[in-house]
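Q: Residue numbers (the numbering used here): 1 to 181.
Beta carbons are placed, not taken as given, at the ideal position from N, Cα and C, and that holds for glycine.
A quick note: this is a predicted structure, and the numbers were derived from the prediction, not measured.
Got a structure for you, written out below as structure tokens; questions coming shortly.
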């Protein structure tokens, strides 16, 4: 799941009118309804508490719909997640241990992008399991709890492979607040 040297294939057809209309009709209010401020506070606290125990930087992005031009040209959620991974600085953490958890409401898609410093230590199957568990929770309409569970799983993975240095203050290079787009 690492972004380094990954071939990016277009999985959606260009000019897919039904997908474009779905993104057009999915507003930020939809994402806010699923993840209200109280939920964002809980997610932020979970990320902040987690990062005290390991050297990874976790960034959560919840996007109602991708930019319409990107959808029209067939860009995938995976491509969007990789773009945000770079744009938001997750790819620029000191030890290359950034993790982006991306949720796209319009496409009902979840992407997990891990930088090479952590991805080299964790099997792709582990990342796939995190996404699969979140997806199952989303199907049961347990949105916030599913993300909290995924963050807790990521916490355990990061603590196992990249525990915090003893006595060192955590390097919180990225904001812990989930980003709503």
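1. DSSP has residue 61 in a bridge; who is on the other side?
2. Pairs of beta-carbons, one from the segment 24-43 and one from the segment 56-71, closer than 8 Å: are there three or more?
3. Do the segment 75-84 and the segment 94-114 make contact, defined as three or more Cβ pairs closer than 8 Å?
4. Note down the Cα distance separating residue 137 from residue 76, rounded to an integer number of angstroms.
5. Run through DSSP, which three-state label would residue 92 get?
6. Quick check: what's the CA-CA separation for residue 10 versus residue 122?
7. If we count the other Cβ atoms within 10 Å of its Cβ and call it buried at 16 or more, is residue 93 buried or exposed?
8. Measuring CA to CA, which of 44, 154 and 142 is closest to residue 126?
9. Would you mind working out which of 44, 172 and 23 sits nearest residue 71, comparing C-alpha positions?
10. I need the straight-line Cα distance from residue 74 to residue 45, nearest angstrom please.
11. Skipping 5 residues on each side, what residues in its chain have a beta carbon closer than 8 Å to that of residue 95?
12. Can you tell me the Cβ-Cβ gap for residue 53 and residue 176, rounded? I've got them flagged as a contact below 8 Å.
13. With distances taken from CA atoms, which of 157, 91 and 69 is nearest residue 14?
14. Can you tell me which residues form a DSSP beta bridge with residue 24?
A: Inspection of the coordinates gives the following:
1. Under the DSSP definition of a beta bridge, residue 61 partners with 102 and 179.
2. Yes: the two stretches touch, three or more of their Cβ pairs being nearer than 8 Å.
3. Per the Cβ contact rule, the segment 75-84 is in contact with the segment 94-114 (3 or more Cβ pairs under 8 Å).
4. CA-to-CA, the gap between residue 137 and residue 76 works out to about 22 Å.
5. Collapsing the DSSP output to three states places residue 92 in a helix.
6. In this prediction, residue 10 has a pLDDT of 42, which is less than 50 and means its spatial position is unreliable; nothing more can be read from the coordinates.
7. Buried, because 16 or more other Cβ atoms sit within 10 Å of the Cβ of residue 93.
8. Just measuring C-alpha positions, the residue of 44, 154 and 142 sitting nearest residue 126 is 154.
9. The shortest C-alpha separation from residue 71 is found at 23.
10. Whole-angstrom Cα-Cα distance: 35 Å.
11. The residues are 55, 117 and 162.
12. The beta-carbon distance between residue 53 and residue 176, rounded to whole angstroms, is 13 Å. This is too long to meet the 8 Å contact definition.
13. Nearest to residue 14 by C-alpha distance, out of 157, 91 and 69, is 69.
14. Residue 24 is not bridged to any residue.
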